[in-house]
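S.K.: Got a structure here, written out as structure tokens. Questions coming.
Protein chains: 2
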Amino acid sequence: MLSQRNTTERPLELVIVEDDRRQRELLELLLNGTPGFYCRAAFPDAEALLAELPGLHPGLVLMDIDLGSGRNGVAAVAEIRARRPELPVVMLTVHEDSDYVFAALCAGAVGYLVKGIAPAELLAAVQDAASGGSPMSPQIARRVVQTFHVGPANPLTEREKEVLAQLCAGESYRSIAEALFISGHTVRSHIKNIYEKLHVHTRAEAVVKALKDRLIQ
Amino acid sequence: MLSQRNTTERPLELVIVEDDRRQRELLELLLNGTPGFYCRAAFPDAEALLAELPGLHPGLVLMDIDLGSGRNGVAAVAEIRARRPELPVVMLTVHEDSDYVFAALCAGAVGYLVKGIAPAELLAAVQDAASGGSPMSPQIARRVVQTFHVGPANPLTEREKEVLAQLCAGESYRSIAEALFISGHTVRSHIKNIYEKLHVHTRAEAVVKALKDRLIQ
DNA sequence: AAGTAAATCCTCCAAACGGGGGATTGGCGG
DNA sequence: CCGCCAATCCCCCGTTTGGAGGATTTACTT
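Just so you know, the protein sequences line up as chains A and B, in that order.
Going letter by letter, the first sequence gives residues 1 to 217 in our numbering.
Going letter by letter, the second sequence gives residues 1001 to 1217 in our numbering.
This is the structure in structure tokens:
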């Protein structure tokens, strides 16, 4: 969605990794039977792909690794990314739990689709990913977006936010005092108030809270 | 994409915010002319919507605020979210720069579309958002996903990562020593090595780097 | 077998941190 | 007008941190 199918230019060359033989062949059939797509190779596991990768120059990898080798799928993405940073990898799995999703995205996957997706939508998503997009199944996209949502109430005053920002920069009381043109005593007062409002007792906790809850900037 | 159009159930009721009168009316026409959608109200600015919100119960807000009131658009999303946490807001603007995009997402927008989107795709995206998805234009989605990508090389050893995690938790040398069953001296050694590898000199900087570069977990 | 890296332990010491108090000013709302 | 809160300043004092050094053991690599 949100991008046109390309049928006139050179077809999109891709490789797939799918452990189930039947599904692998179905995927291959789907891709090779659709103008604009060309499945160069299909592997049952990531190791096989990594072994053949030097001789391949696909435009995209469709990675479908089911339970059992869960950790492997993420590691494989990282490995592919280390060798071909520009090669987009799209996950297509049954894992819908957050941990796996975010682990895959952190490892470098550009898209994440859950199985059960309709063939036409799969093709559109693949095209999207190859064109610089990041196709995600709706629930996945929502969860990703939600990681950006910030708690509405930020109890800190403007001045306190300024001080907190300096804390995050690792500045000392003295540097902060100089930067904000106030005395070190005042800095301490602000920091004490910040700690109280955030329910923390150390700089490190305050920094973590500031970053996680996006209290600054 | 990735979701079906719903024409049989009750139509999706939405309100739109769009400062340009012509575009506002075109949007209204498009929505009201499509089975499954119903545009309850259209406002020229966010303030007007907020004033009427108590009497409205839309299933989605389509927010299209162009340049000039940039900050206002983000603030409006935050305000809507504060009053109706469950009401999804989809941005539809010309702003493609990262700052604005992430500010909107942080404020609580569930989707982000750039103008120029085809009508059919807009409708699909709206339906997607209402069904729990997070429609994003391809370039936007990619940028969002890239914020998860982690630098491939993490120079820290396993033990150092454990210590760093404790640092992020705000633990003292002593607590860390007890938690990891080592002496405080050893903890200090690890921390010194961590600081050197990360090129930082304080706890706070190390914590920021750990979170930003996803060095832990 | 030698070399390297990681993990463990140690001392000395100055600087920074954080908890407990308290005080003054200015502004804003009831 | 009075109270509250943010912002500013100050004290005492124990704890924690981090820089600069050095040492040992284990384990992996060459």
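Just so it is clear, CB atoms sit at the ideal spot from N, CA and C, and this is done for glycine as well.
These numbers come from a predicted model, not from an experiment.
For a cutoff of 7 Å on Cβ pairs, would you count Thr202/A as touching chain B?
M.R.: So yes, Thr202/A belongs to the interface.
S.K.: For a contact defined as C-beta to C-beta under 7 Å, what are the partners of Leu1167/B on chain A?
M.R.: Neighbours of Leu1167/B on chain A, chain order: Ala204.
S.K.: Determine which residues of the region 1121 to 1147 of chain B have a Cβ less than 9 Å from any Cβ of chain A, and write them out in chain order.
M.R.: Within the region 1121 to 1147 of chain B, the residues whose Cβ lies closer than 9 Å to some Cβ of chain A are Glu1121, Ala1124, Ala1125, Asp1128, Ala1129, Ser1131, Gly1132, Gly1133, Ser1134, Pro1135, Met1136, Ser1137, Pro1138, Gln1139, Ile1140, Ala1141, Arg1142, Arg1143, Val1144, Val1145, Gln1146 and Thr1147, listed in chain order.
S.K.: Just list the residues that DSSP pairs Thr1034/B with in beta bridges.
M.R.: Thr1034/B is not bridged to any residue.
S.K.: In terms of residue numbering, what span does the beta strand (DSSP E) encompassing Val110/A cover?
M.R.: Run containing Val110/A: none; DSSP gives neither H nor E here.
S.K.: Taking 7 Å as the CB-CB limit, is Arg1188/B close to chain A?
M.R.: Output row for Arg1188/B: interface = no.
S.K.: Could you tell me whether the region 1031 to 1045 of chain B touches the region 1117 to 1132 of chain B, where touching means 3 or more Cβ pairs closer than 8 Å?
M.R.: Yes, they touch.
S.K.: Taking 7 Å as the CB-CB cut-off, is Leu1105/B touching chain A?
M.R.: Answer yes: the Cβ-Cβ gap between Leu1105/B and chain A drops below 7 Å somewhere.
S.K.: Which residues of chain B have a Cβ atom closer than 9 Å to the Cβ of Arg174/A, listed in chain order?
M.R.: Per Cβ cutoff of 9 Å: no residues; Arg174/A is ~13 Å from chain B at best.
S.K.: Which residue comes first and which comes last in the beta strand (DSSP E) that contains Glu1018/B?
M.R.: Run containing Glu1018/B: Leu1012 to Glu1018, per the beta strand (DSSP E) assignment.
S.K.: By the three-class DSSP mapping on this structure, what secondary structure does Thr1093/B have?
M.R.: Correct three-state label for Thr1093/B: strand.
S.K.: Name the DSSP bridge partner or partners of Thr1060/B?
M.R.: Per the sequence shown, the amino acid found at residue 1060/B is Leu instead of Thr. DSSP lists Leu1014/B as partners of Leu1060/B.
S.K.: Between the region 159 to 171 of chain A and the region 86 to 106 of chain A, can you find at least three pairs of beta-carbon atoms closer than 8 Å?
M.R.: No, the region 86 to 106 of chain A is not in contact with the region 159 to 171 of chain A.
S.K.: Can you list, in chain order, the residues of its chain with a C-beta nearer than 6 Å to that of Ala76/A? Leave out the 5 residues immediately preceding and following it.
M.R.: So the qualifying residues of the chain are Ala46.
S.K.: Flag Leu1067/B as yes if its beta-carbon sits less than 7 Å from any beta-carbon of chain A, otherwise no.
M.R.: Per-residue confidence for Leu1067/B stands at a pLDDT of 46, beneath the threshold of 50, marking its modelled position as unreliable; no derived number is given.
S.K.: Can you tell me whether Ala1130/B is buried or exposed, with buried defined as 16 or more other CB within 10 angstroms of its CB?
M.R.: Buried, because 16 or more other Cβ atoms sit within 10 Å of the Cβ of Ala1130/B.
S.K.: Indicate the three-state DSSP secondary structure (helix, strand or coil) for Arg1188/B in the structure shown.
M.R.: Helix at Arg1188/B.
S.K.: Where does Arg203/A fall in DSSP's three states?
M.R.: Three-state DSSP puts Arg203/A in a helix.
S.K.: Three-state secondary structure (DSSP) at Phe1102/B?
M.R.: Phe1102/B: helix per DSSP, three-state reduction.
S.K.: Across the region 1099 to 1119 of chain B and the region 1135 to 1147 of chain B, are there enough close Cβ pairs to call them in contact, namely three or more that are closer than 8 Å?
M.R.: Yes: the two stretches touch, three or more of their Cβ pairs being nearer than 8 Å.
S.K.: Consult DSSP for Arg1040/B and reduce its assignment to one of helix, strand or coil.
M.R.: Strand at Arg1040/B.
S.K.: Once you ignore the five residues that flank Met63/A on each side, which residues in its own chain have a CB closer than 6 Å to its CB?
M.R.: Answer for Met63/A: Val17, Val89 and Met91, listed in chain order.
S.K.: Mind checking whether Ala1104/B and Val1061/B have CB atoms under 7 Å apart?
M.R.: Not closer than 7 Å, so no.
S.K.: Hey, would you say Gly59/A sits closer than 7 Å to Leu30/A, going by beta carbons?
M.R.: No, these two residues do not count as a Cβ contact at 7 Å.
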